[in-house]
Each structure stands twice: as structure tokens, then as C-alpha cells.
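J.: Would you mind keeping the following structure in view while I ask a few things?
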Amino acid sequence: MGRRRTFISYAVGPALLALVLLAVTGWSIWRAERANIEFQAIGLEFEELALEFLATIGFDGIIHDFKNCVIRSTEPRYCDLAQAKADQAMALIDRLDALADDARIDIETGAMRDAVLTYGAAAAEVAAGHAAGLSIPEIDARVRYDDQAASAEIWGALELARIEMQTRLENLGRVIRLQALAAGAIMLGGLMAIFYFMRREIRLSQVQEERLFAIFSAMTSGVIGLDEDAHIILANPVAQDMLKLGTGLPPYDWPGTLSFHRDDGDSGALKGRELAKLAIGPEPLRAEILRLDDSQTKSDGIYVRASSVAVTPDSSDRSSLATVLMLDDVTAQETSRQQVERNSRLDALGQLSGGVAHDFNNLLATILYAIELAKRAVQDQKARTLLDRAISAVTRGRNLTERLMTFAVQQPGRSRSLPVEMVFDNLMELTGSAIEANIEIDYDISEPGLIVHCDPSQLENALLNLVFNSRDAIRGSGVGDRIRLSARRVTSMNRSLLNRQQGALVADTEHYRFVELSVSDNGPGMTGEVRRRAADPFFSTRKASGGTGLGLAMVYGFVQQSRGEMQIYSDEGRGTTVRLILPTGMAEDRREDPQPQPELAPDGDGRTVLLVEDEPDLLDMVSDMLTELGYRVIPARNGTMAMGIVDSGEDFDLLLSDIVMPGGMDGTDLAVQVRNRFPNRGIVLMSGYVSLSSRNTAAVDFPILQKPCAPSDLAAALRAAMPGGQGPDEGVD
Numbered sequence: 260m261g262r263r264r265t266f267i268s269y270a271v272g273p274a275l276l277a278l279v280l281l282a283v284t285g286w287s288i289w290r291a292e293r294a295n296i297e298f299q300a301i302g303l304e305f306e307e308l309a310l311e312f313l314a315t316i317g318f319d320g321i322i323h324d325f326k327n328c329v330i331r332s333t334e335p336r337y338c339d340l341a342q343a344k345a346d347q348a349m350a351l352i353d354r355l356d357a358l359a360d361d362a363r364i365d366i367e368t369g370a371m372r373d374a375v376l377t378y379g380a381a382a383a384e385v386a387a388g389h390a391a392g393l394s395i396p397e398i399d400a401r402v403r404y405d406d407q408a409a410s411a412e413i414w415g416a417l418e419l420a421r422i423e424m425q426t427r428l429e430n431l432g433r434v435i436r437l438q439a440l441a442a443g444a445i446m447l448g449g450l451m452a453i454f455y456f457m458r459r460e461i462r463l464s465q466v467q468e469e470r471l472f473a474i475f476s477a478m479t480s481g482v483i484g485l486d487e488d489a490h491i492i493l494a495n496p497v498a499q500d501m502l503k504l505g506t507g508l509p510p511y512d513w514p515g516t517l518s519f520h521r522d523d524g525d526s527g528a529l530k531g532r533e534l535a536k537l538a539i540g541p542e543p544l545r546a547e548i549l550r551l552d553d554s555q556t557k558s559d560g561i562y563v564r565a566s567s568v569a570v571t572p573d574s575s576d577r578s579s580l581a582t583v584l585m586l587d588d589v590t591a592q593e594t595s596r597q598q599v600e601r602n603s604r605l606d607a608l609g610q611l612s613g614g615v616a617h618d619f620n621n622l623l624a625t626i627l628y629a630i631e632l633a634k635r636a637v638q639d640q641k642a643r644t645l646l647d648r649a650i651s652a653v654t655r656g657r658n659l660t661e662r663l664m665t666f667a668v669q670q671p672g673r674s675r676s677l678p679v680e681m682v683f684d685n686l687m688e689l690t691g692s693a694i695e696a697n698i699e700i701d702y703d704i705s706e707p708g709l710i711v712h713c714d715p716s717q718l719e720n721a722l723l724n725l726v727f728n729s730r731d732a733i734r735g736s737g738v739g740d741r742i743r744l745s746a747r748r749v750t751s752m753n754r755s756l757l758n759r760q761q762g763a764l765v766a767d768t769e770h771y772r773f774v775e776l777s778v779s780d781n782g783p784g785m786t787g788e789v790r791r792r793a794a795d796p797f798f799s800t801r802k803a804s805g806g807t808g809l810g811l812a813m814v815y816g817f818v819q820q821s822r823g824e825m826q827i828y829s830d831e832g833r834g835t836t837v838r839l840i841l842p843t844g845m846a847e848d849r850r851e852d853p854q855p856q857p858e859l860a861p862d863g864d865g866r867t868v869l870l871v872e873d874e875p876d877l878l879d880m881v882s883d884m885l886t887e888l889g890y891r892v893i894p895a896r897n898g899t900m901a902m903g904i905v906d907s908g909e910d911f912d913l914l915l916s917d918i919v920m921p922g923g924m925d926g927t928d929l930a931v932q933v934r935n936r937f938p939n940r941g942i943v944l945m946s947g948y949v950s951l952s953s954r955n956t957a958a959v960d961f962p963i964l965q966k967p968c969a970p971s972d973l974a975a976a977l978r979a980a981m982p983g984g985q986g987p988d989e990g991v992d
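Each residue of the sequence shown is one higher than the one before, counting from 260 in the numbering used here.
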């Protein structure tokens, strides 16, 4: 509104001035035109009077009657007529003088008056001469009058009046033309002034709009304008990207694949239109934390803080701006908050476990001492055997409390170096009777002699927990028939994991090695929400069947205490893989020291790799790694984007693609299409899943790298798969 008032102050002033000047000019033209008409009327009247005067004193007037008065002594009426005509002529002269005075024309009428008076007076003298018996020549000699001066005077007055009137009319015409030109100039000037101020105002508005748009576009929050019917009529670039609106012009439709979830776990999902209706409702949204999911991508969503502000519409039109909805991406803050909350729950659970273990240890000690004393006092062998069994049970109870104390971080775990093969063999014996016959369970170790360094009993419990989780998922859903345990040596590039190691400040040429133990199934998989909260204490999808929600939480706590890392890979319909990345052990029952990093020769030779990965951070990291290896990288975020690059004709030597990706085309589909069109192009696939469904692998045989993989493994796989290349198969499954 302020901008409009500024425009009025600038534009209306000149417009009013122009209107006033036009009014004055129009009034002046009207007066000039009226004067012109009056002058024309005066001129016409003056000429009529002059002609009438000439007629009065001409052959049919005074002169005619006066001559008859002289020569016709027997007809005295002519003398009377001459006198009457003289009076009439005198009246006309008076009118001519008055009209000339009104028209401000200076004319001479003295000679005319004298002639009229003379003729009028001579008529009486002629009548007296006739009465006295004078002859006509005698009378004529007495009354003869030279009227040439009067005649010249009347014609001069008439000519003067004509010239004066013509001059004045010409002057009035010039005035009218000048005033018309002035009016046109005023109108043109006014229009130019209005145009100038309008242009100036439009330019100022454009500058202001450009500044506001720049600020609007630079905002880190997603800003969405809604009308009264919850339609999106405005969205800044952040909101367009966040809501997948595209780069077209508004209004936008709410994407049907988006949904907003409250974190209470009980409320149903809100579609975008439903959230918009809440925003335009009587109660605005006030910094409400929601998780935004896209069913099309099937990846973990982002957390947004939603707030809304009602605005006063500019008009009664329902399509005008009514509410501003702001969405802030708070994924990092919310993830940190959840991590703190998870750690707090673990701490609380640990303190509770520690307290229970402490009291239970006291009870066990009392029981143990009582049994020992009883054993000394009893000689009966059967009774001593029963007491020995009681002591064995107390010992198992003490081992249990030791695990609780370890979880409570009140007692460090007793880390030992264990051969992975022995761990898996023991686990197979323990699970043999607990796994149904229709579920196949086996294990695979990528290289012999792998040793893991951690607490043995904690590791056993963690693996048992993961195996039973897979069993329960397959049993409860009826989907899947296989559980696989696997192990391999990995070199982690996770800085958070490396920073937790003892002596983490190692030389740049050294690195820690880890053993990755995986439990994978081809069961139903997890939803994004379940995967996100899987390690939260007391979160369970099996509460109805007695689930406590502590299993994965305790596994997570064990891995953290062991200076390791837990990773969960799962999608609905694709099964689940849980990886425990733990320190590598030595035969001397200690942790392996940092090892020299292998030298990676940049042997890419400028060849081009089409890299397809839906995780942005991993895409950037692998791209940088490939660049250091000497490859040129063409990045793509999903299979559809990669296929577009292929269709565009851009040349590449090798396809390196993740398998599980959103967008309707996974890595296997992409690889099959590329192989069918370009049989000589190299292809390597990557996956976070240890076991893949038959649908993923039956189409064609491609080398598959497990993520994360060491740079040396990646380099070897690329060398082996490159057209005409030769290289080892280490690290390639």
C-alpha cells in the first residue's frame, strides 16, 4: 500500500495540474470563440446598418424625396417625406456610433450628420420658397448642398469597420489556434509527466520486486504461499526442491507421493494438502516438527519445522495469498536430538541395569557363600552334587550380571581376540534348534583367518539377537526363507568411527582395519520409520507378542562400547542387512595395530565412469575417490537420470552403480539396459545388502561390491571390469 500512495503523490499531482490547465485553456478558447462569434455578429449588424443608412439617404431616401420636394411644388408630401427620412437617417447614425463604440471602432460620422441635418432643414426652406412663389431654379440655388464628403465618410466608415472586424477575427483565430496548441502541449506534457512517473514507479517496483525475490530465493527456509483453498500459489526455490514442485510457474499441485509424519508414532500420515489445510485453519502451525517422506524415492525422509502465518488477502478473490507456510530443514538438529535422546535412554537403561546387577550380585554372593558353607557341612554325596549344580547356576548368574555391568558402563567388557569362524560355528550350534526347517541359515567368510577383537559373550548375544530378529521377521510375515552370516575385512572411511579408536591420531599413511560381521535376510524388510527407530530403546514392532524393544538397543550399545559401528540396510520387500563393524584382533589376543595404507596408483588414464548413487554424501565421496584414481566421473542420482545421460549420447567406459535406488529403476535394471545397448562397456554394481533376491541377480551376472569397500578393492574391481582391462578379483563378490 505504501508504494501505491507514493505513486498517487507523484502521478495525481501532475494529472490535476494538467486538468486545471486544460480547463483554463478550454475556458479561454471558449471565450475567444464566443468573442469571435460576437465580432462576426457586430460586423454583420454594422454592415446592415450602413447599408440601411445608404438606402435611407440614397435614391429611394432623402435625396429622392428632397428633389421631388424641390421640383414638385404641388406635392408637399415629398417635403414631409424628406424630413421624416432625415430623422430616420439620424437615428441610424446614432445606432452606428453606438455599435462602433461597443465594438471599440473609431469611425467619423460628422459629415453624415451635417448632410442629414442640412437636407432635413432644407425641406422646410423649399416649402417656404414654393409658398413665396419662387421658381424652381431659385429654390434649387438656395438649397443646393454638396454631399460628397458625407458619401465618402459613410463608405470610409463601412470600409474601416470591415477591416477592423477582419483584423480582429484574424487575431482571434490566431489566439484560438495558439490556445489549442497550448492545450495540446499541456495535455502532452501532462501525459508525459504521468508516463514518466508511472515508468519511474514501475522501475522502482521492479527493483523492489527483484530485491524481494533475491531475498526470497536466498532464504534457507522453504516458503510456501497458500490461497484460501490450500493451493500453492507461491514457492521459493528451497520449497520447490523440498516438495519436488519443479521449476515451472505457479500454481503448483501438491505431489501425491509426499507425506508428513508426526514423531509420536501414533498419528497417521498427513498428505501435503492436509498439512496445508491445517496451516490455513484457525490455529496456525507453531514450529511443529514433522518428517517429510517421499514414497517414490523410498529413502529416509527429512525433518522439517513447520510454521504458518495468516495474511490479510488483498481482495475477496479466494485465489489470493491467504497463508504463508514455512518449512525449515532441521534434519541435522533433529537427528542430533534423537541421538542425544537415544543415548539418554541407553544411559538410563544402563543405570537401571547397573543397579539391578549390583543388587543381584549381592544376592548371588550371599547365595554362593551359603552354598559353600552348606557344602562343607554336608557329607552326603548326593547333597554335595546338588549343591555343585547350585554353584554352577550362581556362576551363570554372575556371568549375566557381568554383561549387565558391561552394558551399564560400570565395568569394561573383557575384550578378546576371537577367530570369526569359531564365532560363527558356535552360533550355528546355538541357533540350530531355534530356527525352523523351512528357513535356511548359513555363513560365508571372505578370507580365512579373520579375527575380531571384542567381548565374546556380548558378541554372541548380539549375533543371536540379530539372527532371531531375522527369524521373527520371516516367521511373522511369511516372506523369505534365508538368513546369511558373513564376514569380511574392511577399512572404514567413517571419520566418526575412526575418531573413537584408541590412538586415533595415526599417520596419514596408516589406517585401522576392521572386521565386518553381517546378518542378512531376504525377509519383508523395514519401513523407513522402523529403520530409523530400530535402535531406540523400548521401540518394538512386536509389542503384542512380548517384544521389549531392547534387543537392537543393546546391540548398538555393545558395538559403541567396542569402538565399532552398527549399520542397518533395509527396504520394504528387499530384506534386511545389519552390519557390525568391530576392531580386528591379533593371535596374540590384542587389537591389531594401524596398518600402512596401500599405495593407489592413479591408473584410470582419464577413462570415464558413469557413477550412479542416490546418497549425495556417498556420491561425492566415491566421485572424489575415482577422480584421485585418474578417472573422469559423470555423476547421476538415480537410474532414470543415468539412463537420460546414456540416451543423450554422452560417452563413458564403465558403469558403476548402486543396486537399490529410488525412482522406479534400480541398478540391476540399469545395468541390463546398458549391457543390451553397449555390450562392450564395463559394469560394476554396489550394494549395502549382503544377500540379494533372485530378481536382482538372475537377469545377468555382474560383479557386485559390498558397501563400504576399501579404495583398493574399488580400484581392483574397476580394473577387472574395464573393457580390455586385467586386474585381480579381490574384494569382488
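Just so you know, even glycine gets a beta-carbon here, dropped at the ideal spot from N, CA and C.
Source: prediction; values computed, not measured.
How long is the line joining the alpha carbons of Asp346 and Ala382, rounded to whole angstroms?
T.: Their Cα atoms are separated by approximately 12 angstroms.
J.: Does DSSP put Gly810 in a helix, a strand or coil?
T.: Here Gly810 sits in helix by DSSP.
J.: Going by DSSP, what residue range makes up the beta strand (DSSP E) through Ser779?
T.: 773-780 is the span of the beta strand (DSSP E), which, as asked, contains Ser779.
J.: Helix, strand or coil: how does DSSP classify Lys530 here?
T.: Three-state DSSP puts Lys530 in a strand.
J.: Going straight from the alpha carbon of Asp353 to that of Leu340, what length do you get?
T.: Their backbone Cα atoms lie some 20 angstroms apart in a straight line.
J.: Trp513 and Thr548 - do their beta-carbons sit closer together than 8 angstroms?
T.: For the sequence presented, residue 548 should be read as Ile rather than Thr. Their beta carbons are not under 8 angstroms apart, which means Ile548 does not touch Trp513 by this criterion.
J.: Have a look at the DSSP bridge pairing and note the partners of Asp552.
T.: For Asp552, which the question treats as bridged, DSSP gives the partners Ser518.
J.: Rounded to whole angstroms, what is the Cα-Cα separation between Ala794 and Gln555?
T.: Between Ala794 and Gln555, the C-alpha separation is close to 25 angstroms.
J.: What is the DSSP secondary structure of Met981, counted as helix, strand or coil?
T.: The answer is coil: DSSP assigns Met981 none of H, G, I, E or B.
J.: Within its chain, find whatever has a CB closer than 7 angstroms to the CB of Gly865; leave out the 5 residues flanking it on each side and keep chain order.
T.: Answer for Gly865: Gly889, Arg891, listed in chain order.
J.: Starting from the Cα of Gln826, find the closest Cα among Gly941, Glu297, Lys966 and give me that residue.
T.: With distances taken between Cα atoms, Gln826 lies closest to Lys966.
J.: Express the C-alpha separation of Leu632 and Arg643 in angstroms, rounding to a whole number.
T.: One C-alpha to the other measures close to 11 angstroms.
J.: How is the beta strand (DSSP E) around Ile710 delimited, first residue to last?
T.: Note, Ile710: beta strand (DSSP E), 710-713.
J.: For Ile366, which option in Leu393, Ala400, Asp324, Ala411 has the closest C-alpha, if you only look at C-alpha atoms?
T.: Answer by Cα proximity: Ala411.
J.: Compare the C-alpha of Leu355 against each of Ser716, Ala386, Phe312, Arg635 and name the closest.
T.: Out of Ser716, Ala386, Phe312, Arg635, Phe312 has the C-alpha closest to the C-alpha of Leu355.
J.: Which whole-angstrom value describes the C-beta separation of Thr582 and Ser566, a residue pair presumed to lie in contact below a C-beta threshold of 8 angstroms?
T.: No, Thr582 and Ser566 are not in contact; Cβ-Cβ is about 11 angstroms, not under 8 angstroms.
J.: How would you write the range of the beta strand (DSSP E) that Tyr562 sits in, first residue to last?
T.: Where Tyr562 is concerned, the enclosing beta strand (DSSP E) stretches over 561-569.
J.: Count Cβ pairs between the segment 425-443 and the segment 376-393 that sit closer than 8 angstroms; are there 3 or more?
T.: With a cut-off of 8 angstroms, the segment 376-393 and the segment 425-443 do not count as touching, because too few Cβ pairs lie within range.
J.: Could you give the distance in angstroms between the alpha-carbon of Arg462 and the alpha-carbon of Ala452?
T.: The alpha-carbon atoms of Arg462 and Ala452 are separated by roughly 15 angstroms.
J.: Less than 8 angstroms between the C-beta atoms of Ala442 and Gly285, yes or no?
T.: Contact: yes.
J.: Can you give the Cα-Cα distance for Arg850 and Phe773, rounded to whole angstroms?
T.: Those two C-alpha atoms are separated by around 10 angstroms.
J.: Rounded to a whole number of angstroms, what is the C-alpha to C-alpha distance between Ala763 and Ser829?
T.: Confidence at Ala763 is low in this model, with a pLDDT of 45, below 50, so its placement is unreliable and the value that follows should be read with caution. Ala763 and Ser829: Cα-Cα distance of roughly 31 angstroms.
J.: Are the segment 778-787 and the segment 835-843 touching by the rule of at least three beta carbon pairs closer than 8 angstroms?
T.: Judged by Cβ distances under 8 angstroms, the segment 778-787 makes contact with the segment 835-843, as three or more pairs qualify.
J.: If you scan the segment 850-913 from start to end, which runs of the beta strand (DSSP E) of 3 or more residues do you find wholly inside it?
T.: Counting whole runs of 3 or more residues, the segment 850-913 contains the beta strand (DSSP E) stretches 867-871, 891-895.
J.: According to DSSP, simplified to helix, strand and coil, what is Arg331?
T.: The answer is coil: DSSP assigns Arg331 none of H, G, I, E or B.
J.: Can you tell me whether Met981 is buried or exposed? The criterion is at least 16 other CB atoms within 10 Å of its CB, across all chains shown.
T.: Buried: at least 16 other Cβ atoms inside 10 Å.
J.: By Cβ distance, which residues of its chain are closer than 6 angstroms to Glu719, with the 5 residues on each side in sequence left out?
T.: Counting only Cβ-Cβ distances below 6 angstroms, and skipping sequence neighbours, we find nothing.
J.: Determine the closest residue to Val497 out of Leu586, Thr594, Ala649, Val905, with distance taken between C-alpha atoms.
T.: When each option's Cα is compared against that of Val497, the closest is Leu586.
J.: When you compare the CB positions of Thr843 and Asp912, do they come within less than 8 angstroms of one another, or not?
T.: Not closer than 8 angstroms, so no.
J.: Spatial neighbours of Pro335 within its chain, please: C-beta separation below 7 angstroms, excluding the five flanking residues on both sides.
T.: Ala386.
J.: Could you check which residue in Val933, Pro853, Ser882, Glu874 has the C-alpha nearest to that of Val919?
T.: Selected option, being the one with the closest Cα: Glu874.
J.: Hey, could you find the ends of the alpha helix (DSSP H) Val589 is sitting in?
T.: Careful: Val589 lies outside any alpha helix (DSSP H) and carries neither H nor E.
J.: Identify the continuous beta strand (DSSP E) that holds Met825 and give its terminal residues.
T.: Counting along the chain, the beta strand (DSSP E) containing Met825 begins and ends at 824-830.
J.: Among Ala420, Ala282, Glu384, whose alpha-carbon lies nearest the alpha-carbon of Glu304?
T.: Comparing Cα-Cα distances from Glu304 to each of Ala420, Ala282, Glu384, the minimum goes to Ala420.
J.: Taking the beta strand (DSSP E) that Val837 belongs to, which residues open and close that run?
T.: Here the beta strand (DSSP E) through Val837 covers 834-842.
J.: Note down the Cα distance separating Pro541 from Glu487, rounded to an integer number of angstroms.
T.: When rounded, the distance between both Cα atoms is 12 angstroms.
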